[in-house]
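In my numbering, each residue's number is its place in the sequence shown (first place is 1) plus 20.
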Amino acid sequence: MLESDRLLGILKELEEKRKNGELSAKEFYKALLELLADLKDVLAHENIDEKQVRRQIPLLL
């Protein structure tokens with residue numbers, strides 16, 4: 021599994037939990053910040069090709 025797939029899965033899980041009221045806005049915000057930090061580390065240290073980088077850009081936005 022690519023890191024981008026793992027991170028995207030985490031994002032979808034967070035969105036679902038927020039939608040279902042399982043996370044407060046503050047908890048959701050903090051989890052998104054942690055996800056962005058993980059993504060930054062992956063992009064900075066992983067040797068990935070251009071196509072894979074483009075797949076991860078929407079996560080940053």
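For each residue, glycine too, the CB sits at the ideal point set by N, CA and C.
Residue j and residue i - do their beta-carbons sit closer together than 8 Å?
i: residue 63; j: residue 73; result: yes
i: residue 52; j: residue 81; result: no
Is it right to say residue i is buried, meaning 16 or more other beta carbons lie within 10 angstroms of its own, or is it exposed?
i: residue 44; result: exposed
Leaving out five residues before and five after residue i in sequence, what residues of the same chain have Cβ atoms less than 7 Å from its Cβ?
i: residue 49; result: none
i: residue 54; result: none
i: residue 30; result: 55
Under three-state DSSP, which class holds residue i?
i: residue 66; result: coil
i: residue 44; result: coil
i: residue 22; result: coil
Can you name, in chain order, every residue of its own chain whose Cβ lies under 6 Å from the Cβ of residue i, other than the five neighbours on each side?
i: residue 75; result: 24
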